[in-house]
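Colleague:
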Amino acid sequence: MPALHELQRRVMAALLHPTDLQAQADAAALLRPTPGALDAARRLQLYRNNLSESLTAALAAVVPVVQQLVGEAFLRAMAQRFIQRFPSRHGNLHAFGAELPRFLRDFEPAASLPYLPDMAALEWAVHAVYHEAPVPALTLQALAALDAGAQAALRLRLQPSARLVASEHPVLQLWQAHQPDAALVLEDVDWRRGTRVLVAQRALEVEFHLLSEGELCWLQALEGGASLGEACAQALQADAGFDLAAVLMRHLELGHFQALPKGSTP
Numbered sequence: 001m002p003a004l005h006e007l008q009r010r011v012m013a014a015l016l017h018p019t020d021l022q023a024q025a026d027a028a029a030l031l032r033p034t035p036g037a038l039d040a041a042r043r044l045q046l047y048r049n050n051l052s053e054s055l056t057a058a059l060a061a062v063v064p065v066v067q068q069l070v071g072e073a074f075l076r077a078m079a080q081r082f083i084q085r086f087p088s089r090h091g092n093l094h095a096f097g098a099e100l101p102r103f104l105r106d107f108e109p110a111a112s113l114p115y116l117p118d119m120a121a122l123e124w125a126v127h128a129v130y131h132e133a134p135v136p137a138l139t140l141q142a143l144a145a146l147d148a149g150a151q152a153a154l155r156l157r158l159q160p161s162a163r164l165v166a167s168e169h170p171v172l173q174l175w176q177a178h179q180p181d182a183a184l185v186l187e188d189v190d191w192r193r194g195t196r197v198l199v200a201q202r203a204l205e206v207e208f209h210l211l212s213e214g215e216l217c218w219l220q221a222l223e224g225g226a227s228l229g230e231a232c233a234q235a236l237q238a239d240a241g242f243d244l245a246a247v248l249m250r251h252l253e254l255g256h257f258q259a260l261p262k263g264s265t266p
């Protein structure tokens with residue numbers, strides 16, 4: 001008898017690759033014949049349909065604006081290709097769909113909508129932050145307790161319930177225009193503007209914090225592992241008017257950074 005992981009591998013190969021005859025035969029051999037029941041091929045097809053429908057529904061729930069932009073039929077067809085390339089590998093369906101922005105950048109049928117990958121990135125950020133629990137936040141008092149050298153060497157970490165989204169397209173405005181009872185209409189979307197935003201969750205409400213160019217660069221540098229001093233230098237290169245004190249205070253007040261671990265030093 002094959003190990004459990006091998007059984008799972010064979011069945012998933014058959015479900016994800018219906019034209020692979022060897023995969024179908026390997027999986028069918030695992031199914032015990034039952035008098036009067038469907039044959040192995042039909043049973044695998046039922047499992048395949050259930051898998052496809054559940055994952056497609058999960059994806060559609062995460063990217064409702066993407067679905068509005070391309071239509072339900074297009075989304076369903078796209079989902080089949082996505083599922084084959086990026087099958088769910090997590091027991092929690094909330095984790096399914098993270099690779100969709102990357103997938104869409106190479107998905108030729110969506111090439112006429114160049115903003116679609118970034119819309120998917122924005123919708124994934126909304127989905128991800130909503131399902132993340134904030135952790136204790138860094139306070140001004142904790143930061144002020146450090147000397148200047150220690151502050152510059154700090155490597156600040158964003159809350160798990162916060163995501164950065166940057167795009168040359170106005171995806172935030174487009175997203176807002178597609179919400180129920182939207183105050184912004186499609187005709188008002190400024191296609192000359194890009195999007196720089198920090199998406200964050202507070203008390204189960206998703207918030208959008210618009211960012212300046214320097215502020216975005218600073219947060220991206222911190223997210224990439226730069227120290228506070230290094231991130232500030234990069235932000236000033238991107239925007240000579242970057243005001244570290246004002247930006248740092250803003251994000252401290254909003255609780256966007258994780259508290260320093262107890263007893264830690266930079």
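Mapping of the sequence shown onto UniProt numbering: position 212 corresponds to residue 212, and the numbering continues sequentially without gaps.
Note that beta-carbon positions come from the ideal geometry of N, C-alpha and C, so glycine has one too.
Cα separation between L254 and P18?
Modeller: On the sequence shown, residue 254 is found 254 positions in, with the first residue counted as 1. On the sequence shown, residue 18 is found 18 positions in, with the first residue counted as 1. Using only the alpha carbons, I get a separation of about 50 Å.
Colleague: Under 8 Å, with one C-beta from each stretch per pair, do the region 51-67 and the region 110-125 reach the 3-pair mark?
Modeller: The answer is yes - the region 110-125 touches the region 51-67, with three or more Cβ pairs under 8 Å.
Colleague: Would you list the residues sitting across from E205 in a DSSP beta bridge?
Modeller: Taking the first residue of the sequence shown as position 1, residue 205 is located at position 205. According to DSSP, which records beta bridges pairwise, E205 is partnered with R202.
Colleague: Determine whether the beta carbon atoms of E223 and L164 lie at a separation below 8 Å.
Modeller: On the sequence shown, position 223 is the one that residue 223 refers to. On the sequence shown, position 164 is the one that residue 164 refers to. Cβ distance < 8 Å, so E223 and L164 count as in contact.
Colleague: Specify whether the region 210-227 and the region 153-160 touch according to this definition: at least 3 beta carbon pairs, one from each stretch, less than 8 Å apart.
Modeller: Short answer: they touch.
Colleague: What do you reckon, are the CB atoms on L59 and A37 nearer than 8 Å?
Modeller: As a position in the sequence shown, residue 59 is number 59, starting the count at 1. As a position in the sequence shown, residue 37 is number 37, starting the count at 1. It is not a contact, given that the beta carbons lie outside the stated cut-off.
Colleague: If we ignore side chains and look at the alpha-carbon of each, how far apart do L211 and L4 end up?
Modeller: Taking the first residue of the sequence shown as 1, we reach residue 211 at position 211. Taking the first residue of the sequence shown as 1, we reach residue 4 at position 4. Answer to the nearest angstrom: the Cα atoms are 49 Å apart.
Colleague: For the beta strand (DSSP E) that contains S161, what are its first and last residues?
Modeller: On the sequence shown, residue 161 is found 161 positions in, with the first residue counted as 1. Careful: S161 lies outside any beta strand (DSSP E) and carries neither H nor E.
Colleague: Distance check for L44 and L15, CA to CA, integer angstroms please.
Modeller: Numbered from 1 along the sequence shown, position 15 holds the residue referred to as residue 15. Numbered from 1 along the sequence shown, position 44 holds the residue referred to as residue 44. Distance between the alpha carbons of L15 and L44 is about 7 Å.
Colleague: Along the chain, where does the alpha helix (DSSP H) that runs through Q68 open and close?
Modeller: Against the sequence shown, residue 68 aligns to sequence position 68. Looking at the DSSP string, the run of the alpha helix (DSSP H) that includes Q68 is P64 to V70.
Colleague: Quick check on this structure: which residue in P35, R10, A166 and T56 has the alpha carbon closest to the alpha carbon of T195?
Modeller: For the purposes of this step, residue 195 is taken as the residue at position 195 of the sequence shown. Ranking the options by Cα distance to T195, first place goes to A166.
Colleague: May I ask you to report which of helix, strand or coil DSSP gives Q179?
Modeller: Translated into the one-based positions of the sequence shown, residue 179 becomes position 179. In this structure, Q179 counts as coil in the three-state DSSP scheme.
Colleague: Identify every run of the alpha helix (DSSP H) within the UniProt domain "Putative DNA-binding" (7-104), keeping only runs that are complete inside it and at least 4 residues long; order them along the chain.
Modeller: Listed in chain order, they are 21-28, 40-62, 64-70 and 72-85.
Colleague: Does DSSP classify V185 as helix, strand or coil?
Modeller: As a first step, residue 185 must be located in the sequence shown, where it is residue number 185. Coil at V185, not helix or strand.
Colleague: Alpha carbon to alpha carbon, how far is F107 from I83?
Modeller: Counted from its first residue, the sequence shown places residue 107 at position 107. Counted from its first residue, the sequence shown places residue 83 at position 83. Spanning the two alpha carbons is a distance of roughly 13 Å.
Colleague: Given this structure, state the Cα-to-Cα distance separating R105 from A111, to the nearest angstrom.
Modeller: Along the sequence shown, read from residue 1 onward, the residue named residue 105 stands at position 105. Along the sequence shown, read from residue 1 onward, the residue named residue 111 stands at position 111. Taking the straight line from one Cα to the other gives about 8 Å.
Colleague: Is T34 buried or exposed, if buried means 16 or more other CB atoms sit within 10 Å of its CB?
Modeller: Taking the first residue of the sequence shown as position 1, residue 34 is located at position 34. Classification of T34: exposed, given that the 10 Å Cβ count is below 16.
Colleague: Within 10 angstroms of the Cβ of P266, are there 16 or more other Cβ atoms? Answer buried if so, exposed if not.
Modeller: Counted from its first residue, the sequence shown places residue 266 at position 266. Confidence in P266 is poor, its pLDDT being 48 and thus under 50, which makes the residue's placement unreliable; the coordinate value appears in the next sentence. With fewer than 16 Cβ atoms within 10 Å of its Cβ, P266 is classed as exposed.
Colleague: For H169, collect the residues of the same chain with a Cβ closer than 6 Å to its Cβ; drop the 5 residues on either side in sequence, then sort them by chain order.
Modeller: Residue mapping note: residue 169 aligns to position 169 of the sequence shown, counting from 1. Cβ within range, chain order: Y115 and D118.
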